[in-house]
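Below: the structure, in structure tokens.
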Amino acid sequence: MTDRTRVAVWRLLILAVLLGLWEGLTHPAVTKSVSRVIYFVDPFFISRPSAIWSRFWHLNSAAVRVPLWQLLLSTLESTLLGFAVGVGSGFVAGLGLGRNAKLAAVLYPYIVAFNSLPRIALVPLVTMIFGFGLAAKVVLAWLIVFFIVFFNTFQGARGVDPDLIHSARFLGASERQIMRTVIVPSALAWTFASLTPSVSFALIGVVIGEFIGGESGGGIGYLIIASLGSLNAADMMVALLVLGITGIVLALGIHQVEARLLRWRPEYQARA
Amino acid sequence: MSFDVLDEEFVALVGPSGCGKSTVLNMIAGLVAPTRGTIRLDGRPLAGVPAQVGYVFQKDTVFPWRTVAQNIELGLAYRGLGRAERARRVREAIRLVGLEGFENVFPATLSGGMRQRVALVRSLVVEPEILLMDEPFGALDTHTKLRLQAQLLALWTGKRQTVVFVTHDLAEAITLADRVIVLTSRPGRIKHVHAVKLPRPRDVIRIRETDEYAREFRALWRVLGEEFAKADQGAGRGEVA
């Protein structure tokens, strides 16, 4: 057995044990009467795998008004839109400010101040301005992603090795060509490195938006809040699991993109 | 400090560290403006980075996000050469420095010596009239250094650029240069200008075994050693030669 399969086997084993314990401990330990059942762990709060499994299929069926996969699509749509807009605007702003020391010196305190503001505190304001729908969720994701990408690109653009710029100049580059062939690629290396955390944070922004947005906003965040309203632990667990898996898939996907774009870096060369 | 460099001449600047060798080179390159005096290129005072100058740094300045071929191609692309012409010149350059098979490799997988070879041909492929080199082989091991010196000499013999080569390695200066300019320790002045009377083409290994080489080395070492001794006594004031 190779090391990799051994790790995989252990992971599956841990999953099986945890699921087994969860299922076992949430079944009645003692049934005194129909109304008095004693549990090791009360499934009211954490539900149990079998119930979650059946709720998962129920929530995906035609029996509910908005099926689970549509909620997921809504969350994904807002996340990816917010991510794309955030990365684009963050990159442009970071590059512009990174190569303009005077402008950066003037604006820097404002940017730091705005960035120190907990993003969640802005949710009511964003809701007030953009309502409960897609726009509000995208704006929230954008607000978080923008700053991550902005600061990374800013560092990258500011930290371009002057000798690389000199080298390009000696090879006959114009200022435009230096920007395109030296500064942008250098800064992009930093930008790309911020993509994986950015997509996770975009998801956070969207879910917060969905907590507030209610039914008109839709999304997995809405399912969580709705299950809180109906005290339905199984539905909440379905939402959390779907969200967790979505987060993993998004992060892994973006990481693949990152590895492809940064394939010239030593850390990605080793694996090539 | 005042000196002339002739067309197609290979001049080496040597001196104790901190004497301003690199600063002089950066002034010629137009990177640093002289506080006093002027630098003339073909009789005209210098303003900014001149177009016909190539520069090889000691530091690795190969662009890590471009493959070997893309790095070498860069100067040609800046000058707006067509794709076919670029590919032809890059292929020729890669053959000249023996980097065949590494065309599509990123610099991260190359050794320091290979990266410096890429930097060298990248500068030469645009056919500069003047080549400035700031301790280009200073960070390499002896074996790699000798191989690169040999390659540089071979390339230079073909095209005959004007070269100003900064080094603290006297042996390297004698092996490569037509003239060696010895600078004093701080404040940097010209201590001595020495014409190297060794025939060309030179073999970087065998030349070291010849009597002529030993004579040149002794003569220059006397001058440079004197300078070191003066510097040690804290009276390192040389005269302008």
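So the sequences go chain by chain: A and B.
The opening residue of the first sequence carries number 1 in our numbering; numbering runs sequentially from there.
The opening residue of the second sequence carries number 273 in our numbering; numbering runs sequentially from there.
Note that the Cβ used here is the ideal one computed from N, Cα and C, for glycine as well.
Of all Cβ atoms in chain B, is any one closer than 7 Å to the Cβ of proline 124 of chain A? no
Below 9 Å between beta carbons is the criterion; list the residues of the segment 336 to 353 of chain B that meet it against any residue of chain A, in chain order. Pro336, Trp337, Arg338, Thr339, Leu346, Gly347, Leu348, Ala349, Tyr350 and Arg351
Give the straight-line distance between the Cα atoms of glycine 218 of chain A and threonine 75 of chain A, rounded to the nearest whole angstrom. 8 Å
Under a three-way DSSP split, which group does methionine 299 of chain B fall into? helix
Quick check on glutamine 256 of chain A: buried or exposed, where buried means 16 or more other Cβ atoms within 10 Å of its Cβ? exposed
So tryptophan 337 of chain B and alanine 135 of chain A are supposed to be a Cβ contact under 8 Å. How far apart are they, rounded? The pair is not a contact, with the Cβ atoms about 36 Å apart (cut-off 8 Å).
State yes or no: is the C-beta of alanine 141 of chain A within less than 7 Å of the C-beta of alanine 104 of chain A? no
Give the residues from the segment 148 to 174 of chain A that approach chain B closer than 8 Å (Cβ to any Cβ), ordered along the chain. Asp161, Asp163, Leu164, His166, Ser167, Ala168, Arg169, Phe170, Leu171, Gly172, Ala173 and Ser174
Pick from A:Ser167, A:Ala251, A:Ala193 and A:Ile212 that is closest to glutamate 267 of chain A, judged by C-alpha positions: A:Ala193
Three-state secondary structure (DSSP) at proline 28 of chain A? strand
Leaving aside the five residues before and after serine 47 of chain A along the sequence, list all residues of the same chain whose C-beta is less than 6 Å from its C-beta, in chain order. Ala233, Ala234 and Met237
Is leucine 392 of chain B near the ligand ADP - that is, is its Cβ less than 6 Å away from at least one heavy atom of it? Judged by which ligands are present, the structure shown has none, so any question about the ligand ADP falls away.
Please identify, using Cβ separations under 9 Å, the residues of the segment 181 to 215 of chain A that lie next to chain B, in order along the chain. Thr181, Val182, Pro185, Ser186, Leu188 and Ala189
Roughly how many angstroms lie between the CA atoms of alanine 284 of chain B and serine 116 of chain A, to the nearest whole one? 55 Å
Simplified DSSP assignment, three categories, for glycine 326 of chain B: strand
Please name the residue in B:Asp441, B:Ala443, B:Asp279 and B:Glu401 whose C-alpha comes closest to that of alanine 323 of chain B. B:Glu401
Per-residue burial, alanine 391 of chain B [other beta carbons within 10 Å of its own, 16 or more giving buried]: buried
At the 7 Å Cβ level, is tryptophan 22 of chain A part of the contact set with chain B, yes or no? no
By the three-class DSSP mapping on this structure, what secondary structure does valine 304 of chain B have? coil
Helix, strand or coil for lysine 502 of chain B per DSSP? helix
Residues that DSSP places opposite leucine 125 of chain A in a beta bridge: Leucine 125 of chain A pairs with nothing; no bridge assigned.
Is there contact between the segment 203 to 222 of chain A and the segment 118 to 126 of chain A, where contact requires at least three CB pairs shorter than 8 Å? yes
Chain A contact residues for leucine 303 of chain B, given Cβ-Cβ distances below 7 Å: His166
Taking 7 Å as the threshold (beta carbon to beta carbon), is alanine 235 of chain B in contact with chain A? The structure shown does not extend to residue 235 of chain B, since chain B is modelled only from 273 through 513, so no value can be given for it.
Within 10 angstroms of its Cβ, does arginine 158 of chain A collect 16 or more other Cβ (buried), or is it exposed? buried
How far does the beta strand (DSSP E) with valine 438 of chain B in it reach, from first residue to last? 434 to 438
Residue ranges of each beta strand (DSSP E) within the segment 78 to 114 of chain A, 3 or longer: none
Interface residues of chain A around threonine 321 of chain B at Cβ under 9 Å? According to the sequence displayed, residue 321 of chain B carries valine and not threonine. The answer, in chain order, is His166, Arg169 and Phe170.
Just tell me which of B:Glu407, B:Ala486 and B:Pro459 has its CA closest to the CA of valine 468 of chain B. B:Ala486
Using the three-state DSSP reduction, which class does proline 408 of chain B fall into: helix, strand or coil? coil
Would you be able to state if there are at least three C-beta pairs under 8 Å between the segment 54 to 66 of chain A and the segment 245 to 256 of chain A? no
Burial state of methionine 405 of chain B, where buried means 16 or more other Cβ atoms lie within 10 Å: buried
Can you tell me which residues form a DSSP beta bridge with phenylalanine 282 of chain B? B:Val435
Taking the alpha helix (DSSP H) that lysine 137 of chain A belongs to, which residues open and close that run? 134 to 158
Determine the DSSP secondary structure at leucine 403 of chain B, reduced to helix, strand or coil. strand
Which of the residues in the segment 259 to 270 of chain A, read from start to end, lie with their CB under 8 Å from any CB of chain B? Arg263, Trp264, Arg265, Pro266 and Gln269
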